[in-house]
DNA sequence: ATCTGATCTCTGGCATACCAAATGCCATAA
DNA sequence: TTATGGCATTTGGTATGCCAGAGATCAGAT
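Protein chains in written order, with my numbering: chain S, 144 to 386; chain D, 144 to 386.
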């Protein structure tokens with residue numbers, strides 16, 4: 144049997160505890176392009192422009208100062224995300240979802256969030272649950288959400304993301320984030336509506352209460368019904384948004 | 144007012160009803176490579192091999208007979224799916240999920256499936272719901288699932304997919320399919336276990352009954368609890384699968 | 001025999017060139 | 001004026017080639 148090379152305890156020097164942080168991985172152009180394009184697509188308010196939005200590989204590569212290769216890889220990733228659709232020899236089109244698709248996504252969101260609520264009742268710490276109220280501390284009887292729609296809208300999203308995070312389930316977090324990215328596009332035009340905003344805050348507080356009470360079934364139900372309510376709202380009032 | 148060009152009835156010739164079928168879109172090498180690699184990864188039984196499985200761009204391009212470009216694009220897509228992770232200058236590694244991640248995924252699956260069940264009680268047709276029983280028509284008191292684990296396992300997956308499909312929600316269908324692809328890898332080693340298989344069939348039938356009764360809450364609960372049961376099972380007995 | 005480091009090799013990242021199909025423009029014929 | 005056919009252009013698809021960093025290898029010094 145050949146001598147096995149000693150692999151244990153070879154520390155010649157104390158491996159100085161200088162905070163070595165694994166150096167910067169320097170993200171590739173591919174990833175930079177992906178992030179840049181994703182952000183650009185998300186902020187372009189797709190549902191506001193009447194005609195189809197197209198992307199051009201060569202134009203993008205010039206704009207970003209890199210060759211087409213990393214751009215194409217980024218496009219391929221975005222296509223997996225469902226943000227764009229490339230048509231051979233025709234172009235790359237930014238996908239517009241129909242109202243039905245959006246409602247569908249919101250329902251999935253409701254499913255995931257209600258599961259998060261369920262998990263939270265059994266694992267989250269009391270203080271973390273209570274901290275969820277802070278997102279709405281700037282609103283109350285003397286400062287109604289419906290009078291500060293834009294601000295409330297941001298608090299609303301932040302609340303939902305914080306809620307899901309409390310589940311400590313990476314999968315639930317990632318999936319809902321993906322959905323939010325798709326839904327966010329016209330969120331300003333729907334969730335922002337005053338009539339719905341008014342009922343939103345009380346529902347959120349009710350969810351928090353159920354979580355604090357560790358009432359699994361009730362928390363799940365409230366979380367689900369709250370988001371399903373949004374789905375129903377969009378289904379009923381979102382018609383005008385989709386030409 | 145300028146004369147509007149006549150767009151109606153310009154048929155110069157009868158547009159011969161020769162069966163023109165829109166020709167074949169001939170999927171690109173990029174997509175072919177994506178499908179090929181995905182299938183290869185799914186059937187390689189990742190959790191069976193002890194050492195990390197690596198992929199090599201050049202080797203793959205030779206094997207598939209195409210250049211590296213479409214291969215790289217396919218890899219980028221697979222990375223978005225979470226099947227592989229490319230490490231610069233090191234290689235492309237096929238991702239192995241931890242037990243915790245798998246349990247987490249199954250919980251998300253439970254959330255989505257319970258929402259599907261909920262929707263089904265309000266929209267699906269009676270005959271379609273009843274048809275779900277067909278997946279298990281080959282099993283019964285005289286032919287127990289636990290005695291034909293492999294066969295039952297396939298029926299099991301088919302049942303769940305058919306169930307979700309009945310919700311007529313493309314989003315729920317796609318998301319659960321994605322999850323199933325990740326979970327399927329070691330499914331054979333867990334769901335296949337006899338002790339769990341025995342309780343599976345009755346639970347499935349109970350779900351179908353609730354759906355037929357149009358009992359939204361009950362159907363949702365049964366669907367959720369059934370899949371959460373699998374999650375709990377994996378969490379408790381799946382330890383040995385993850386080295 | 002072991003440690004050091006120069007070098008060779010392997011691997012993904014990126015740039016570039018060329019291809020082919022889908023369009024659009026435009027000269028030309030009816 | 002209008003319909004038609006062909007050519008130039010546009011756009012994504014694919015193939016190649018070179019680069020740089022991370023390891024592995026191996027010779028030389030201690």
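Ideal Cβ positions, reconstructed from N, Cα and C, are used throughout, including at glycine.
From a predicted model like this one, the values you see are computed outputs, not experimental measurements.
DSSP three-state call for residue i: helix, strand or coil?
i	result
residue 231/S	coil
residue 240/S	coil
residue 187/S	coil
residue 378/S	helix
residue 170/D	coil
residue 370/S	helix
residue 226/S	coil
residue 176/S	helix
residue 254/S	helix
residue 316/S	helix
residue 193/S	coil
residue 209/S	coil
residue 310/D	coil
residue 217/S	helix
residue 291/D	coil
residue 149/S	Note on residue 149/S: pLDDT 36, under 50, position unreliable in the model; the coordinate value appears next. In this structure, residue 149/S counts as coil in the three-state DSSP scheme.
residue 268/S	coil
Do residue j and residue i count as a contact pair if the criterion is CB distance below 8 angstroms?
i	j	result
residue 241/D	residue 358/D	no
residue 306/D	residue 271/D	no
residue 420/D	residue 361/D	Since the displayed chain D opens at 144 and closes at 386, residue 420/D lies outside it and no answer follows.
residue 235/S	residue 187/S	no
residue 298/S	residue 366/S	no
residue 275/D	residue 302/D	yes
residue 324/S	residue 279/S	no
residue 266/D	residue 311/D	yes
residue 257/S	residue 346/S	no
residue 184/S	residue 239/S	no
residue 295/D	residue 342/D	no
residue 387/D	residue 252/D	No statement about residue 387/D is possible, as the shown extent of chain D runs from 144 to 386 and does not include it.
residue 219/S	residue 176/D	no
residue 221/D	residue 315/D	no
residue 223/S	residue 223/D	yes
residue 355/D	residue 269/D	yes
To which residues does DSSP link residue i through a beta bridge?
i	result
residue 283/D	286/D
residue 198/S	235/S
Could you say if the stretch 216-229 of chain D and the stretch 284-296 of chain D meet the contact criterion of at least three C-beta pairs nearer than 8 angstroms? Under the three-pair Cβ rule at 8 angstroms, the stretch 216-229 of chain D does not count as touching the stretch 284-296 of chain D.
Quick check: the stretch 192-209 of chain S against the stretch 242-255 of chain S, are at least 3 beta-carbon pairs closer than 8 angstroms? no
If contact is defined by three or more beta carbon pairs under 8 angstroms, each pair taking one atom from either stretch, is the stretch 213-221 of chain D in contact with the stretch 173-180 of chain D? Between the stretch 173-180 of chain D and the stretch 213-221 of chain D, the count of C-beta pairs closer than 8 angstroms reaches three or more; the two stretches touch.
Output the residue ranges of the alpha helix (DSSP H) runs that lie fully inside the stretch 318-366 of chain D and measure 4 residues or longer, sorted by chain position. Within the stretch 318-366 of chain D, the complete alpha helix (DSSP H) runs of at least 4 residues are 337-355.
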